[in-house]
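All letters in the first sequence, in the order written, are residues 1204 to 1448 by this note's numbering.
Yeah, the Cβ is synthetic: ideal placement off N, Cα and C, and Gly gets one too.
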Amino acid sequence: MVASLLAEREGMSGECTDEQRMGVLKTMMEDCMAIDDPLIKLHPWLALQPDFYNRATQQVARDLLGKLMVRCVDGVVLSGIIVETEAYLPEGDAASHAYRGATQRNAAMFEPGGVLYVYMIYGIHHCLNFVTEECGVGSAVLIRAVEPVHGIDQMRMRRGVQKAEQLCNGPGKIAIAFGLTTANSFATVCGPDMYVQPGKDLGEADIITTPRIGITKAANLPLRFYIKNSPFVSKAKPAGEKPEQ
DNA sequence: CGGCAGATTATCT
DNA sequence: GATAATCTGCCGC
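Right under this line is the structure:
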């Protein structure tokens, strides 16, 4: 029984050690417990609507923390609590793709709030953004890290790593785990197949603000937000910054 | 654990 | 031709 269950898990067919079996059983139990958590039941009728995204980008980035991001694809539900975001502002933000106006690449950023903007970076990775503010403005929130909740096994297969903390702790990893590419740009985040719903309630004390990561222009603006003490945030941090206290 | 090289392509100079 | 909102593996301590 256990052996056949294990055989269905990737990389666990054939002979494996008792320690490996216990590890897989442990992650399966953790998955079941996570889905039973009343805080993270699926409530698609509570999906955040465009008016949530049609606000100041920093505020949207901050308010997205603790929310549950849900994607339904190929009959599978993938979801996770958003634990780290970055704001890319419409004005005076040289790091934003929209800084020099609309191009073919960044066109989705000028859509109304509540639309997806997915772009390719370094030729190999994709990054997921939610467009913010009014149509034509050109701003978005980058989703940098997620705490996996539903479809964790599916994410393990897509990512090729086992530890839950490493499935979605970075923008490129999220795109792989959730199966998102540039083909998903212009889609809505307010529909049944892709939406964000209420999750954990957070206070100001739960949120850390720092400069953004991986950029060279406007690198000092405090526009990165993450949940304090979350083991699921991307490990990278701006040069010279200490971990949160 | 920290640092660094390499992968690989759309976009703009 | 240079650059980029990144990830992984390999190296040395």
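Counting the other Cβ atoms within 10 Å of the Cβ of residue 1262 gives fewer than 16, which makes it exposed. In this structure, DSSP gives residue 1365 a state outside helix and strand, which the three-state scheme calls coil. Here residue 1331 is not near residue 1285, since their CB atoms are 7 Å or more apart. Linking residue 1317 to residue 1349 through their CA atoms gives a straight-line distance of about 18 Å. Between the beta-carbon of residue 1260 and that of residue 1344 there is about 6 Å, and that keeps the pair under the 8 Å contact cut. The three-state reading of DSSP puts residue 1308 in coil, since its state is none of H, G, I, E or B.
Here residue 1256 carries a helix assignment [DSSP, helix/strand/coil].
Here the alpha carbon of residue 1341 sits roughly 16 Å from the alpha carbon of residue 1391.
Three or more Cβ pairs closer than 8 Å define a contact, and the segment 1373-1389 meets that threshold against the segment 1349-1362.
It is roughly 14 Å from the alpha-carbon of residue 1247 to the alpha-carbon of residue 1353. Shown here, residue 1394 sits in a strand according to DSSP, grouped into three states. The C-beta distance from residue 1430 to residue 1268 rounds to 6 Å, short enough to fall under 8 Å. Annotation for residue 1414: 1422, 1423, 1424, 1425, 1427 and 1441 place their beta carbon closer than 7 Å to its own, counting only its chain and skipping 5 residues before and after. If you look at residue 1377, you'll find it isn't in any beta strand (DSSP E); it sits in the alpha helix (DSSP H) that goes 1374-1380.
In the three-state DSSP reduction, residue 1386 falls in the helix class (H, G or I). In this structure, DSSP gives residue 1410 an extended state, which the three-state scheme calls strand.
If you draw a straight line from the Cα of residue 1289 to the Cα of residue 1372, it is about 14 Å long. Residue 1393 and residue 1252 do touch by the CB rule: their CB atoms are close to 6 Å apart, below 8 Å. Inter-residue distance for residue 1351 and residue 1385 is about 22 Å (C-alpha atoms, whole angstroms). Assignment of beta-bridge partners to residue 1321 by DSSP yields 1331.
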